[in-house]
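Residue numbers (our numbering), protein chains in the order written: chain X, 4 to 481; chain D, 4 to 481.
I have placed the structure first, in the form of structure tokens, so that the comments after it can refer back to it.
2 protein chains.
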Amino acid sequence: MSVSTNNSARLRDEERARLIWLLTTDKAITSSLLNKLTLVEQFDSGALENQIAEVGVLVEHLKPADLADTLEALPAEERRALWLLISENKRGQVLLEASENVWDDLIDQMSDKALLEAMNTLDIDEQIYIVQHLPRNLTGRLLATLSPAERARVRQVMNYDPGSVGAIMEFEVITVRPDVTLGTVQRYLRRLGKMPENTDKLFVTDRENKLLGELELKTILISPAGMKVGDVMERDILAFHPDENAEKAARTFERDNLISAALVDPAGKLMGRITIDEIVDVVYRETDNDLRQMGGLSGDEDVFAPVHKAVKTRWAWLAVNLCTAFIASRVIDGFEHTISKLVALASLMPIVAGIGGNTGNQTITMIVRALALQYIQPGNFSFLILREMGVALINGLVWGGIMGGVTWALYGDPALGGVMMLAMVLNLLVAALMGVLIPMVMTKFGHDPAVGSSVMITAITDTGGFFIFLGLATIFLL
Amino acid sequence: MSVSTNNSARLRDEERARLIWLLTTDKAITSSLLNKLTLVEQFDSGALENQIAEVGVLVEHLKPADLADTLEALPAEERRALWLLISENKRGQVLLEASENVWDDLIDQMSDKALLEAMNTLDIDEQIYIVQHLPRNLTGRLLATLSPAERARVRQVMNYDPGSVGAIMEFEVITVRPDVTLGTVQRYLRRLGKMPENTDKLFVTDRENKLLGELELKTILISPAGMKVGDVMERDILAFHPDENAEKAARTFERDNLISAALVDPAGKLMGRITIDEIVDVVYRETDNDLRQMGGLSGDEDVFAPVHKAVKTRWAWLAVNLCTAFIASRVIDGFEHTISKLVALASLMPIVAGIGGNTGNQTITMIVRALALQYIQPGNFSFLILREMGVALINGLVWGGIMGGVTWALYGDPALGGVMMLAMVLNLLVAALMGVLIPMVMTKFGHDPAVGSSVMITAITDTGGFFIFLGLATIFLL
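Structure representation (structure tokens):
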């Protein structure tokens with residue numbers, strides 16, 4: 004029997020798709036599921052019964068991570084129906100893998116007690132993670148279920164900033180002393196009988212818990228059993244402090260191809276570790292947020308949220324956009340006299356504004372990315388700004404020249420063509436300058452440059468474009 | 004001595020920043036470096052000599068991945084100067100970690116022979132990766148340096164699509180038979196004396212190389228040495244086919260918290276493996292590309308490319324944008340008569356267009372993301388489109404109502420206010436509908452929905468907004 008056909012990623016994709024299909028195409032399934040469990044109604048058709056049986060089989064077969072993804076892809080009602088079908092012992096894992104949007108929907112109907120029970124199957128780091136992000140404050144109740152030692156640790160982790168390495172750290176680490184032999188280590192491991200997930204190395208510490216080095220599992224396996232840990236351990240290692248930025252740590256994991264890394268306090272004492280699975284989540288979350296924020300969506304938008312929730316998450320950006328558009332509109336209004344004399348200006352002005360917005364957004368996207376990769380340093384900043392201005396000047400002369408020529412040809416007015424060209428050059432220069440400055444200044448003041456910078460640049464290039472074009476027209480054409 | 008202060012990520016960040024600072028703030032350093040190595044000039048100042056010595060120390064101390072990042076953050080000339088300082092045995096690793104933009108700059112000055120020598124320190128998978136992406140065709144020369152067996156493998160890998168799992172696969176795997184004991188496995192590993200990087204598990208195969216299961220290193224360490232491999236191996240495992248999509252595989256790695264996974268052919272025979280470090284690169288590359296493409300940058304834009312290169316990589320999007328802006332401008336021009344009668348329309352029309360573009364981009368961003376996460380399935384598509392239309396309708400009525408009121412107040416013309424509101428509602432509906440349809444249709448036809456959909460939606464909402472607003476005004480206000 005081949006392994007691959009039995010449990011391939013493709014097969015699971017198909018099963019997820021099938022489950023979504025079953026739940027969303029026939030409302031009867033969802034309502035039967037919801038009702039069956041409250042014992043109000045009986046099944047009324049054989050076909051329905053079969054489909055519901057198939058749903059049950061799929062839910063049984065899919066892994067928690069797949070079920071979490073399926074929940075993400077369902078509207079609220081279907082989400083609740085599916086949740087009721089997931090067995091108690093899987094629910095904790097499913098919650099862990101699902102996003103906060105899904106939690107909001109499901110947790111509303113669960114009592115605190117049911118919630119804590121669902122989380123029972125999770126280890127303590129995972130419970131903390133969920134409790135920290137829950138819309139409800141369960142911290143007290145969770146703490147009450149813990150031993151005093153665990154409680155102290157939980158309190159510690161909850162103090163770290165959600166974007167820091169401390170917030171994703173795991174307590175469970177295996178430590179060994181440098182003066183024992185590999186044979187002893189292996190006997191110790193056999194006695195333990197298990198290792199935390201993603202353990203690729205043990206940490207070597209002294210009696211005061213100070214980190215001395217790392218011992219890879221690989222090294223234990225390939226080295227003679229009589230060697231001392233201190234002789235084969237890696238001393239030149241990378242350790243993180245809990246207050247470091249998690250996104251930066253992710254870049255370091257990528258750069259150094261790490262699976263896990265130690266977390267130490269300022270005195271060099273081992274506190275815990277971070278692992279690649281958390282790091283991969285950080286990477287996806289980071290880039291996801293960047294993408295959404297550049298598109299003007301708030302970070303917690305849920306694709307399958309009902310209409311009223313979606314309206315709520317988007318209204319802020321719309322309001323901001325409306326304000327900036329209104330300001331641009333007032334600038335145009337100030338030139339009403341100019342436009343009434345030369346109506347052609349009204350049809351040409353969006354070109355100047357649009358091309359500026361396009362260039363500005365290109366520049367901003369590039370700068371935001373370079374900032375995330377830490378490519379921009381005080382040393383190369385002036386190169387960058389001069390380069391962008393150079394690109395804008397060339398593009399302005401070329402495309403502005405073309406549009407100026409087209410304008411001349413269309414309206415038979417060389418002066419209008421000249422104004423068009425000059426306005427495009429100037430607006431592109433404004434776009435390039437602000438495209439570099441906006442994200443840099445936002446970073447300087449500790450803001451995420453991906454949030455709102457696209458809206459800002461568009462506001463500036465629109466207002467600026469209208470002002471420059473209509474202003475030049477007033478000066479030269481009237 | 005504390006480990007963490009010795010080699011922390013922070014310290015390395017600082018060293019990278021310092022190196023960039025030294026190379027970019029004083030042109031004399033770069034030119035001395037470039038000239039010294041061609042033996043043209045002598046140092047002319049003590050301060051310069053000190054700084055150059057510091058550059059040398061930093062280059063010596065930084066790891067290949069850090070040097071690669073530093074190269075990314077330098078303009079072309081400084082890039083070349085730094086490259087000359089990097090020692091032969093590090094160059095291969097540095098090349099591997101750097102992007103194609105950096106390769107382009109550096110490789111221009113290297114002979115084929117020097118290039119193959121730099122790659123000498125890399126293993127065969129890495130050499131293939133570089134050769135596949137080089138602007139120059141070195142495949143033949145690389146193949147000539149290989150044994151016939153290796154050559155056959157290389158040919159095989161080079162046949163896979165660059166976006167497939169096959170293109171990032173590694174040949175080096177350790178396999179064991181199911182009928183040996185763990186003690187025998189460990190003796191075998193000791194004899195090997197090393198393991199490929201990121202080995203968290205061995206693969207269990209039969210005599211025909213068919214994959215039977217996985218044996219985690221962890222399991223070898225914690226289980227009694229007398230146990231048979233077949234009794235402790237994991238049978239329910241996930242294996243990939245080489246033609247599967249690498250981005251999808253990355254999502255599976257994230258979902259299942261994998262470190263490595265087997266690659267099998269259709270007959271279930273083990274071909275190689277993929278590892279988390281390649282997967283993390285895939286994730287960063289994927290999201291990077293999405294971000295840049297949504298911002299209207301081509302995939303291979305280099306932040307520190309000289310002006311003429313940057314102009315070249317961006318002209319296409321600018322041209323497209325200019326065309327769409329021109330079309331919108333022609334629509335306005337068609338209503339010249341209407342505008343000349345009521346100049347207020349000229350200042351109000353950008354609001355209708357802008358708010359539509361904003362909503363459309365919100366929708367597109369959400370849909371592109373949901374498509375990447377495979378959340379959108381035939382079953383939930385109709386929910387999604389109705390939801391977006393609902394959101395657009397509510398937002399249109401609320402914000403359109405407000406803007407209509409403001410317009411009425413500003414111009415004292417209730418009919419103009421009504422036209423404003425109606426135009427906003429209609430344009431928001433168009434934006435929502437197209438925002439869902441454009442990425443879905445692009446995906447349907449095998450295009451990446453992140454590329455160009457933002458430009459398309461803006462074109463539609465601009466042109467549509469002007470047409471709707473001015474059209475309604477012509478009907479109701481003249």
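Just so you know, even glycine gets a beta-carbon here, dropped at the ideal spot from N, CA and C.
In the structure shown, Leu-261 (chain D) adopts coil according to DSSP, grouped into three states. Here Thr-461 (chain D) is not bridged, per DSSP, to any residue.
Exposure of Thr-148 (chain D) is indicated by the presence of fewer than 16 other C-beta atoms within 10 angstroms of its C-beta. For Glu-237 (chain X) against Glu-219 (chain X), the beta-carbon gap comes to about 7 angstroms, under 8 angstroms, which counts as contact. Here Arg-82 (chain X) has Leu-74, Val-105, Asp-108, Leu-109, Phe-307 as same chain residues with Cβ atoms under 8 angstroms from its own Cβ, once five neighbours each way along the sequence are excluded.
For Leu-214 (chain D), the uninterrupted beta strand (DSSP E) segment begins and ends at 214-219. Inclusion of Ile-279 (chain D) and Asn-201 (chain D) in the CB contact set at 8 angstroms is warranted, their separation being smaller than that value.
At a cut-off of 8 angstroms between C-beta atoms, Val-454 (chain D) does not count as an interface residue with respect to chain X. Taking 3 residues as the shortest admissible run, the segment 275-354 of chain D contains no complete beta strand (DSSP E) segment at all. When 9 angstroms is used as the limit between beta carbons, Ser-102 (chain X) is near no residue of chain D, the shortest such separation being about 10 angstroms. Here Lys-204 (chain X) carries a strand assignment [DSSP, helix/strand/coil]. Every alpha helix (DSSP H) of 4 residues or more that sits fully in the segment 360-441 of chain D is shown, in chain order, as 384-414.
Not one beta carbon of chain X lies nearer than 8 angstroms to the beta carbon of Thr-184 (chain D). In the DSSP annotation of this structure, the continuous segment of the alpha helix (DSSP H) that includes Gly-186 (chain D) starts and ends at 185-195.
Across the structure, Asn-38 (chain D) and Arg-19 (chain D) are spaced so that their CA atoms are roughly 23 angstroms apart.
Of D:Ile-405, D:Ser-90, D:Ala-79, D:Asp-128, the smallest CA-CA separation from Gln-112 (chain D) is found for D:Ala-79.
In this structure, Ile-354 (chain X) and Ser-457 (chain X) do not form a Cβ contact; the two beta carbons are roughly 20 angstroms apart against a cut-off of 8 angstroms. Its chain contains Leu-109 as the residues whose beta carbon lies nearer than 6 angstroms to that of Trp-86 (chain D), once the 5 sequence neighbours on both sides are disregarded; these appear in chain order.
Taking C-beta atoms under 8 angstroms as the contact rule, Thr-178 (chain X) and Thr-208 (chain X) qualify, at a distance of about 5 angstroms. Ranking X:Thr-27, X:Gln-296, X:Asn-140, X:Trp-320 by CA distance to the CA of Val-454 (chain X) puts X:Gln-296 first. Beta-bridge partners assigned by DSSP to Thr-178 (chain D): D:Phe-206. Using a CB distance cut-off of 8 angstroms, Tyr-132 (chain D) does not count as an interface residue toward chain X. Listed along chain X, the residues sitting closer than 7 angstroms to Asp-16 (chain D) by beta-carbon distance are Gln-377. Within chain D, not a single residue places a beta-carbon under 7 angstroms from that of Ile-177 (chain X); the smallest gap is close to 10 angstroms. The Cβ atoms of Met-423 (chain D) and Met-443 (chain D) lie no closer than 8 angstroms to each other.
For Phe-256 (chain X), the closest Cβ of chain D is nearer than 8 angstroms.
When CB distances to chain X are screened at a threshold of 9 angstroms, the residues of the segment 449-481 of chain D falling below it are Ala-453, Ser-457, Val-458, Thr-461, Asp-465, Phe-469, in chain order. For Asn-53 (chain X), the enclosing alpha helix (DSSP H) covers residues 49-64.
A distance of 8 angstroms or more separates the beta carbons of Ala-265 (chain D) and Phe-329 (chain D). With a threshold of 16 other beta carbon atoms within 10 Å, Ser-167 (chain D) meets it and is buried. Within 10 angstroms of the beta-carbon of Gly-95 (chain X) lie 16 or more other beta-carbons, which makes it buried.
Per DSSP, Leu-87 (chain X) is one residue of the alpha helix (DSSP H) stretching across 79-88. At least one CB atom of chain X sits nearer than 8 angstroms to the CB of Met-406 (chain D). Taking 8 angstroms as the upper bound on Cβ-Cβ separation, chain D lies near residues Gln-189, Leu-192, Arg-193, Leu-195, Gly-196, Lys-197, Met-198, Glu-200, Asn-201, Thr-202, Asp-203, Lys-213, Leu-214, Leu-215 of the segment 181-215 of chain X. Close CB contacts of Val-58 (chain X) within its chain, under the 6 angstroms cut and outside five residues either way in sequence, are with Leu-25 (chain order).
When Cβ-Cβ separations below 8 angstroms define contact, Lys-116 (chain D) makes no contact with chain X.
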